[in-house]
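A.B. asks: Below is one structure. I have some questions about it.
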Amino acid sequence: MRPIGHLIGRWLLALMLAASLPAYALTQAQALAIAQGETDDRIKALDEAVTQASDGLGLFLRALLEDKVKLAGTRVLMVMDGHAQDVETSTATPLPPDAEDIINNNRMRNALQSAIAGLQLFSSDRSLRDKAITELNDGADESRLPLLEKALVAETDADLKERLERLRASILVASPERTKRLQAAQLLGASLQPATAALLAERLAAEDDAEVKAALTKSLGSVRSRLAWGESLGVLFTGISLGSILLLVALGLAITYGLMGVINMAHGELMMIGAYATYAVQNFFKAALPGMFDWYIAAAIPLSFLAAALVGALMERTVIRWLYGRPLETLLATWGISLILMQTVRTLFGAQNVGVENPNWLSGGLQVLPNLTLPYNRIAIIVFAGLVLAGVALLISRTRLGLFVRGVTQNRRMAACMGVNTARVDTYAFSLGAGIAGLAGCALSQIGNVGPDLGQGYIVDSFMVVVLGGVGQLAGTVYAGLGLGVLNKLLEGWQGAVLAKIMVLVFIVIFIQKRPQGIFALKGRSAEA
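Encoded structure:
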């Protein structure tokens with residue numbers, strides 16, 4: 167037996183659904199016509215019943231869609247949790263042993279889903295009516311006109327009423343009557359839906375009347391111009407999103423390479439360590455704290471920083487500190503370290519990519535326009551990149567550690583003479599850069615799979631950002647990261663992903679030829695005149 171609470175919940179749901187519909191009794195004859203016969207006849211009976219908006223029809227259709235309706239001779243019974251009830255009187259009745267299942271093909275299921283959405287047009291809940299209009303936009307036909315006419319009369323919300331009128335116009339644009347087609351074509355010009363543009367283009371190809379054709383052409387141009395704004399804003403947002411990712415990846419490199427002069431080819435693997443730290447924290451919360459899973463990211467952020475920073479400190483103490491001033495040896499050594507780190511991760515986690523789930527509050531997106539949805543996870547990464555940038559800028563410009571780092575960068579010998587422990591400052595600075603790479607890995611884990619080769623896809627781009635922005639210049643890193651992100655996405659829409667990469671690389675080569683110091687030149691005693 168199922169728990170009593172489960173049964174009560176199911177019946178309450180049924181009562182709530184039934185309460186949201188207008189009062190008009192569903193009869194056995196209507197239910198029988200919907201439940202049996204040829205598909206065309208069943209859909210016709212369904213449309214007639216929906217137009218009348220019968221009381222109890224929504225509950226019956228939901229049960230029919232979920233295969234919980236049976237046929238006993240000429241009686242139609244709904245079966246809820248093993249208990250049968252009459253569709254007309256809602257009274258409990260024994261389930262005959264010879265009761266037959268009702269088979270619904272895909273066409274009938276689509277019709278049932280559309281009918282359920284149509285019934286929600288009369289709900290007292292505005293959000294349900296809004297959702298119903300959205301669902302009907304995809305598959306409305308002339309059979310829905312009586313229902314839409316009735317809903318237009320009953321609708322009191324101005325915005326929903328306007329959307330219903332446009333939905334009605336999208337049906338009438340194919341009407342055999344010229345006047346209705348002309349009126350519908352003019353009304354559809356105010357739409358912002360991509361589906362409307364496709365509908366207008368389709369009707370334009372089939373239309374013979376010159377005046378209607380002119381109205382369709384005008385409306386199509388108006389809709390496409392509005393949609394172009396959404397597409398342009400979408401490209402801009404995607405470019406800023408990519409730029410914020412490049413900024414996060416390059417920020418750590420701006421410290422280790424820009425300020426310290428270390429060509430760290432293992433920077434991408436430090437980012438990978440941050441991503442795997444996020445994956446490990448996710449698994450811990452799943453196993454030990456499932457009720458707090460949505461907040462695992464709050465623990466993953468500091469832990470991904472610490473994990474990458476500790477590995478960075480170990481690298482600096484054991485290998486890199488002996489290679490300062492020897493760029494070629496540093497490059498080869500860090501490249502070898504990157505291979506060791508990748509193989510270590512393959513041994514611990516496997517060679518296959520692993521998935522990191524978004525918390526619920528980072529799932530979904532913000533719909534700004536009908537053809538423009540901004541994913542919450544990418545919005546969060548943009549905000550996160552801004553916060554990390556602000557934190558690094560404050561650390562470098564306003565703290566004692568930042569003062570030491572700037573002093574050692576500009577004149578190591580003078581800083582040592584003033585009592586600064588330059589070896590310790592080097593370790594702190596390199597660990598800071600590595601930790602920021604770990605934060606970049608944590609952010610990247612929210613928009614894609616995590617694998618041993620994660621860092622390889624960003625190491626070249628991050629070096630290009632640092633060089634283009636100006637070695638040692640955080641402001642240049644910001645401009646270069648965001649600029650390259652937007653430029654790359656604009657070129658992708660024009661020439662494709664591969665050619666866009668090549669064009670960006672050519673642009674950077676030409677720019678560096680003309681301005682070797684990058685966007686911002688390094689100022690200080692060590693800077694060249």
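Just so we're aligned, residue 167 is where the sequence shown starts under the working numbering, counting upward by one.
Note that CB positions come from ideal geometry on N, CA and C, so glycine has one too.
(1) Roughly how many angstroms separate the alpha carbons of A364 and G662, rounded to a whole number?
(2) Could you spell out the range, first to last residue, of the beta strand (DSSP E) harbouring P541?
(3) Out of F515, G647, S470 and L358, state which residue places its alpha-carbon closest to the alpha-carbon of A394.
(4) For A250, which residues does DSSP report across the bridge?
(5) Hey, how far is the Cα of N519 from the Cα of I503?
(6) Determine the contact status of G607 and Y442, defining contact as a CB-CB distance below 9 Å.
(7) Would you check if the segment 197-205 and the segment 230-245 touch, i.e. whether three or more CB-CB distances between them fall below 8 Å?
(8) Say whether the segment 623-634 touches the segment 668-677, bearing in mind that this needs 3 or more beta-carbon pairs closer than 8 Å, one atom from each stretch.
(9) Ordered along the chain, which non-local residues of its own chain (more than five positions away) have a Cβ less than 7 Å from that of S470?
(10) Measure the C-alpha to C-alpha separation of Q576 and F570 and round it to an integer number of angstroms.
(11) Do I685 and G636 have their beta-carbon atoms positioned less than 9 Å apart in this structure?
(12) Go ahead and pull the three-state DSSP assignment for E232.
(13) May I have the straight-line CA-CA distance separating V574 from G396, to the nearest angstrom?
(14) Under 7 Å Cβ to Cβ from T404, same chain only, skipping five residues before and after it: list those, please.
(15) Whole angstroms is fine: what's the gap from S256's alpha carbon to A265's?
(16) Checking the sheet assignment: what are the DSSP bridge partners for Q448?
(17) Which runs of the alpha helix (DSSP H) fall wholly inside the segment 247-324 and span at least 4 residues, in chain order?
(18) One question on the structure: do L302 and L287 come within less than 9 Å of each other, judged by their Cβ atoms?
(19) For Q533, list the residues DSSP reports as bridge partners.
(20) Does the Cβ-Cβ distance between F697 and I486 come in under 9 Å?
(21) Between which two residues does the alpha helix (DSSP H) carrying A432 extend?
(22) Since G599 contacts T422 with CB under 8 Å, what's their CB separation in whole angstroms?
(23) Can you look up L237 in the DSSP assignment and give me helix, strand or coil?
(24) Do you know offhand how far I602's Cα is from L535's?
(25) Whose C-beta lies closer than 8 Å to the C-beta of K379 among residues of the same chain, with five residues either side of it excluded?
(26) Examine the Cβ distances between the segment 279-295 and the segment 317-325 and report whether three or more of them are shorter than 8 Å.
(27) Tell me whether V675 is buried or exposed, calling it buried when 16 or more other Cβ atoms sit within 10 Å of its Cβ.
(28) Alpha helix (DSSP H) containing S391: first to last residue?
(29) What does V616 pair with, by DSSP beta-bridge criteria?
(30) Rounded to the nearest angstrom, how far is the Cβ of A381 from that of Q352, given a contact under 8 Å?
(31) Let me know if G530 comes out buried or exposed under the rule of 16 or more other beta-carbons within 10 Å of its beta-carbon.
(32) Whose C-beta lies closer than 7 Å to the C-beta of E495 among residues of the same chain, with five residues either side of it excluded?
(33) Taking the C-alpha atoms as reference points, what is the distance between P493 and A416?
(34) What distance in whole Å lies between the Cβ atoms of V242 and A198, which are believed to be in contact at a cut-off of 8 Å?
(35) In angstroms, rounded to a whole number, what distance separates the CA positions of L419 and N615?
(36) Quick check on Q612: buried or exposed, where buried means 16 or more other Cβ atoms within 10 Å of its Cβ?
C.D. replies: In brief:
(1) 24 Å
(2) Note, P541: beta strand (DSSP E), L538 to P541.
(3) L358
(4) A250 is bridged by DSSP to V245.
(5) Whole-angstrom Cα-Cα distance: 21 Å.
(6) yes
(7) yes
(8) yes
(9) G440, A443, T444, G604, L605, G607 and C608
(10) 10 Å
(11) yes
(12) coil
(13) In a straight line, the C-alpha of V574 is about 49 Å away from that of G396.
(14) K655
(15) 18 Å
(16) DSSP output for Q448 lists no bridge partner at all.
(17) 272-285, 292-305 and 311-320
(18) yes
(19) T539
(20) No answer is possible for residue 697: the residues shown for the chain start at 167 and end at 695.
(21) Unbroken run through A432: none, as it is neither H nor E.
(22) 4 Å
(23) strand
(24) 34 Å
(25) L370 and E373
(26) Yes: the two stretches touch, three or more of their Cβ pairs being nearer than 8 Å.
(27) exposed
(28) A376 to L419
(29) V520
(30) 5 Å
(31) Result: exposed.
(32) L489
(33) 19 Å
(34) Residue identity differs from the one stated: residue 198 is Leu in this sequence, not Ala. Indeed they touch by this definition, with Cβ atoms about 5 Å apart.
(35) 23 Å
(36) buried
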